[in-house]
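Engineer:
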DNA sequence: GTTGCGTTTATTTTT
DNA sequence: TAAACGCAAC
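In my numbering, the protein residues as written are 8 to 728.
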């Protein structure tokens, strides 16, 4: 707690004037334009403290919304450190968890079952496949992902199936309606039907349905207005149309809405984010106060000058110029290479020497690129040169095949109507229920006008044959037994807070997975020869995740500041574990994996948002890569190119001390080598900030001598350690 | 249901 | 170039 605990300005200490203004503005709409590295989180944390301690707002009346679990965790931690235990009563949640919470409480008013399943990408695709099959859209001839994308886009813009159809027919102005849009418009209503029949919602629904509920249902609206009086939203530049409406509805007539963001870092337009939300905030919320945070505490003057120059070329933005009291810093290196291999070799060499010359840990370096595929060369070269690295991105834990198969089993247990889950596992491991049998069951279900799950129970031998029937009955028995044992485990875990060691649900999960035979199946698949043990471990980890979930639920009940008799508290269930899994797919230990002292970080520019490194390499800065060729010839080219430029801006502003920009003259792609030109954005950086050179140019002799001395001194010191 | 071969295609992805 | 996918044959 700050020293002057009695004064009303205690939470303003250590802040600059703009940050102070943001903290002390408590009533009415507020837009905080927080440039990169300007102390955004600090400002939010102090503002929450100010609301609680000075404005005397009850912590439970405050709602703070983020996009990522990581951001939510960080904010929770910092608020609790600064304010103390009562800050636990603040609702701090991601958009999607907030949606789940609202739907759990009020979803029955929309006809949702109490325990609904949440479909992430793979399941969405499964549901869409089922929907398309019913209306004879051949999933071999058409790319369902495109249809899925279109439907998702509609849902994010709050276009209903009826509107989607109308929107298409109204496009009679000569513009040819996209063939996929037509298919999507046909599939859309069916897809929604399938979801509801499975008792499921997709990720978009987690935002869309609560918004609809708030709009239509006076009672639900009042309940939420009673609960939250102050709403804050982080990373507002990434919100989409639904989230804008959600923000409006949640803040209600009090209009105590504080949004924080940076339009210059809006890089998720391709996923439906609307920069317009942050650009038009004052129009959406008349009378809004706008505060700009432009004092940067992260980067050198040169780095900021480059960032400012790059972003200034964008139109349609809130004017901002970052400034800093940090030192001028080293010149920015701009390096040309012959090939991507030369580029990677050069980065490796630079890291090795800089580490020794400046005595830096590997963790202070990051290599940032546009697309994941670019990481490969770096991985190979780093491996050869024994540079430890950490690759961020790629397929996540829960996308791994064996894990999602196991999760499908859990889902089939927890949500008996979940057709998508059932169909995924019905013949995995192989148990003699092939494609034709499944199709016959689907046919039977349609004829009887019942769901797939019920059809499995009621189908007879004359429809599918005796052997298949026996197989199905065995399968159902497996699930039924699993369900019985689960109920016992749930009853047990609801009773007592688990002590050390295993937990009831965790034990159940392990035992049930054993019975499914997934592990055996994984081990016997020759394709898994090398990875069998790792995959088997993943299954164990999944059970571990459930154990940790169980403990966490109980911990939440008894942690300081919480009320143990809170009526809202619910004991752990498998269904609860699954929705948490769907919303937060980080395997537990790796929570803070984005920061690691001992390894160089390799990641995309997108993943780098929000992070900082003292030494940053931006690689592959070529036209066609950044901006990406798809952006160059996108239909909304101008918009798209501005987003690419923002990507470069995000990259530059990750660097604290040193920044290296590089590009290749040639690069292997689609078979042969193609010639590349430097990124068009590079010319916007003033030359006097840059030290332009080719790959193999030596440093000036003076500097070189000095550095060599450091090199040997540091090497000695490091060896001595 | 599995295997192997030919064909296709290659951004970013907080939840 | 390589990996991922679909399809046909076993």
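C-beta atoms are modelled at their ideal positions from N, C-alpha and C, and glycine is treated no differently.
Who are residue 303's beta bridge partners in DSSP?
Structural biologist: Residue 303 sits at position 296 when you count from the first residue of the first chain. Answer by DSSP bridge pairing, in chain order: 331.
Engineer: CA-CA distance, residue 613 and residue 265?
Structural biologist: Looking up residue 613 in the first chain gives position 606. Looking up residue 265 in the first chain gives position 258. Roughly 25 Å between the two C-alpha positions.
Engineer: Mind checking residue 21: buried by the 16 CB within 10 Å criterion, or exposed?
Structural biologist: Counted from its first residue, the first chain places residue 21 at position 14. When all chains shown are included, residue 21 counts as exposed.
Engineer: Would you please state the rounded distance, in angstroms, between the beta carbons of residue 216 and residue 110? I believe it to be under 8 Å.
Structural biologist: Mapped onto the first chain, residue 216 falls at position 209. Mapped onto the first chain, residue 110 falls at position 103. Indeed, because the Cβ distance is near 6 Å, the residues count as touching under 8 Å.
Engineer: If you draw a straight line from the C-alpha of residue 592 to the C-alpha of residue 405, how long is it?
Structural biologist: Taking the first residue of the first chain as position 1, residue 592 is located at position 585. Taking the first residue of the first chain as position 1, residue 405 is located at position 398. Whole-angstrom Cα-Cα distance: 6 Å.
Engineer: Since residue 211 and residue 162 are thought to touch, with beta carbons under 8 Å apart, how far apart are those beta carbons, to the nearest angstrom?
Structural biologist: Residue numbering aside, residue 211 sits at position 204 when the first chain is read from its first letter. Residue numbering aside, residue 162 sits at position 155 when the first chain is read from its first letter. 4 Å between Cβ atoms; contact.
Engineer: Let me confirm a value: residue 88 is counted as buried when at least 16 other C-beta atoms fall within 10 Å, else exposed. Which label applies?
Structural biologist: Here residue 88 refers to the residue found at position 81 of the first chain. Residue 88 is exposed by the Cβ-count criterion.
Engineer: May I ask you to list the residues that DSSP assigns as paired with residue 719?
Structural biologist: Taking the first chain and counting its residues from 1, one reaches residue 719 at position 712. None, per the DSSP bridge assignment.
Engineer: Should residue 726 be labelled buried (16 or more other beta-carbon atoms within 10 Å of its own) or exposed?
Structural biologist: Working through the first chain from its first residue, we reach residue 726 at position 719. By the neighbour-count rule (16 or more Cβ atoms within 10 Å), residue 726 is not buried but exposed.
Engineer: How do the region 219-233 and the region 193-200 stand: do at least 3 beta-carbon pairs fall below 8 Å, yes or no?
Structural biologist: Result no; under three Cβ-Cβ pairs closer than 8 Å.
Engineer: How big is the Cα-Cα spacing for residue 400 and residue 375?
Structural biologist: In the first chain, the residue the question calls residue 400 occupies position 393. In the first chain, the residue the question calls residue 375 occupies position 368. If you take the alpha carbons of residue 400 and residue 375, they lie about 12 Å apart.
Engineer: Is residue 555 near residue 543, with beta carbons less than 9 Å apart?
Structural biologist: Sequence index remark: in the first chain, residue 555 carries index 548 (1-based). Sequence index remark: in the first chain, residue 543 carries index 536 (1-based). Contact: no.
Engineer: With burial defined as no fewer than 16 other Cβ atoms inside 10 Å of the residue's Cβ, what is the status of residue 412: buried or exposed?
Structural biologist: Position 405 of the first chain holds residue 412. The residue is buried, with at least 16 neighbouring Cβ atoms inside 10 Å.
Engineer: Who are the Cβ neighbours of residue 345 in its own chain at under 8 Å, not counting the five residues just before and after it?
Structural biologist: What you label residue 345 is simply residue 338 of the first chain in a count that begins at 1. So the qualifying residues of the chain are 671, 672, 673 and 702.
Engineer: Determine the burial state of residue 3: buried for a count of at least 16 other Cβ atoms within 10 Å of its Cβ, exposed for fewer.
Structural biologist: Residue 3 is absent from the model: the chain starts at 8 and stops at 728.
Engineer: So if DSSP puts residue 227 in a beta bridge, which residue, or which two residues, is it bridged to?
Structural biologist: For this step, residue 227 is matched to residue 220 along the first chain. Bridge partners of residue 227: none, in fact.
Engineer: Less than 9 Å separating the beta-carbons of residue 354 and residue 159?
Structural biologist: Position 347 of the first chain, counted from the start, is the residue given in the question as residue 354. Position 152 of the first chain, counted from the start, is the residue given in the question as residue 159. It is not a contact, given that the beta carbons lie outside the stated cut-off.
Engineer: What is the DSSP secondary structure of residue 469, counted as helix, strand or coil?
Structural biologist: The residue given as residue 469 occupies position 462 in the first chain. Three-state DSSP puts residue 469 in a helix.
Engineer: Quick check: the region 86-102 against the region 111-127, are at least 3 beta-carbon pairs closer than 8 Å?
Structural biologist: With the cut-off at 8 Å, the region 111-127 and the region 86-102 do not touch.
Engineer: Can you name, in chain order, every residue of its own chain whose Cβ lies under 6 Å from the Cβ of residue 649, other than the five neighbours on each side?
Structural biologist: The residue labelled residue 649 in the question sits at position 642 within the first chain. Around residue 649: 321.
Engineer: Reducing DSSP to helix, strand and coil, say where residue 707 ends up.
Structural biologist: Indexing the first chain from 1 puts residue 707 at position 700. Any reading at residue 707 needs caution, since the residue's pLDDT is 49, under 50, leaving its predicted position unreliable; the model's value is listed next. Coil.
Engineer: Starting from the C-beta of residue 466, find all residues in its chain whose C-beta is less than 8 Å away, skip the five residues before and the five after it, and write them out in chain order.
Structural biologist: As a first step, residue 466 must be located in the first chain, where it is residue number 459. Correct list, in chain order: 447, 448, 451, 476 and 479.
Engineer: Could you check where the alpha helix (DSSP H) with residue 613 kicks off and where it finishes?
Structural biologist: One-based indexing of the first chain puts residue 613 at position 606. Element bounds for residue 613: 612-615.
Engineer: Looking only at its own chain, which residues have a Cβ that is under 6 Å from the Cβ of residue 39, when we skip the five neighbours before and after it?
Structural biologist: Position 32 of the first chain, counted from the first residue, corresponds to residue 39. Correct list, in chain order: 29, 267 and 298.
Engineer: Is there contact here, the region 507-527 with the region 413-425, by at least three beta-carbon pairs under 8 Å?
Structural biologist: Counting Cβ pairs under 8 Å, three or more are found: they touch.
Engineer: Give the straight-line distance between the Cα atoms of residue 553 and residue 644, rounded to the nearest whole angstrom.
Structural biologist: Taking the first residue of the first chain as position 1, residue 553 is located at position 546. Taking the first residue of the first chain as position 1, residue 644 is located at position 637. Cα to Cα, residue 553 sits roughly 46 Å from residue 644.
Engineer: Since I believe residue 464 is in contact with residue 483 (beta carbons under 8 Å), could you give me their beta-carbon distance rounded to a whole number of angstroms?
Structural biologist: On the first chain, position 476 is the one that residue 483 refers to. On the first chain, position 457 is the one that residue 464 refers to. 7 Å between Cβ atoms; contact.
Engineer: Which residue comes first and which comes last in the alpha helix (DSSP H) that contains residue 388?
Structural biologist: If you number the first chain from 1, residue 388 lands on position 381. Segment 382-391, the alpha helix (DSSP H) holding residue 388.
Engineer: Taking all protein chains shown into account, do 16 or more other C-beta atoms lie within 10 angstroms of the C-beta of residue 62, making it buried, or fewer, making it exposed?
Structural biologist: The residue given as residue 62 occupies position 55 in the first chain. Exposed, by the Cβ-count rule.
Engineer: If you follow the alpha helix (DSSP H) that residue 18 is in, where does it begin and where does it stop?
Structural biologist: To locate residue 18, count along the first chain from 1; it is residue 11. Taken as a continuous stretch (DSSP letters only), residue 18 belongs to no alpha helix (DSSP H), as it is neither H nor E.
Engineer: Using DSSP with H/G/I as helix, E/B as strand and the rest coil, what is residue 628?
Structural biologist: Residue 628 sits at position 621 when you count from the first residue of the first chain. Three-state result, residue 628: coil.
Engineer: Would a C-beta distance cut-off of 9 Å place residue 289 and residue 280 closer than the cut-off?
Structural biologist: On the first chain, residue 289 is found 282 positions in, with the first residue counted as 1. On the first chain, residue 280 is found 273 positions in, with the first residue counted as 1. Cβ atoms of residue 289 and residue 280: not closer than 9 Å.
Engineer: When the distance is taken between beta carbons, is residue 609 closer than 9 Å to residue 314?
Structural biologist: Your numbering for residue 314 matches position 307 in the first chain. Your numbering for residue 609 matches position 602 in the first chain. Taking 9 Å as the Cβ cut-off, residue 314 and residue 609 do not qualify as a contacting pair.
Engineer: Quick one: grab the DSSP three-state call for residue 281.
Structural biologist: For this step, residue 281 is matched to residue 274 along the first chain. The answer is coil: DSSP assigns residue 281 none of H, G, I, E or B.
Engineer: Whole-angstrom Cβ separation of residue 202 and residue 103, contact assumed at under 8 Å?
Structural biologist: For the purposes of this step, residue 202 is identified with residue 195 of the first chain, where counting begins at 1. For the purposes of this step, residue 103 is identified with residue 96 of the first chain, where counting begins at 1. Actually they are not in contact, since the Cβ atoms of residue 202 and residue 103 sit about 16 Å apart, beyond 8 Å.
Engineer: Taking the continuous beta strand (DSSP E) assigned at residue 396, which residues delimit it?
Structural biologist: Position 389 of the first chain, counted from the start, is the residue given in the question as residue 396. Note, residue 396: beta strand (DSSP E), 396-398.
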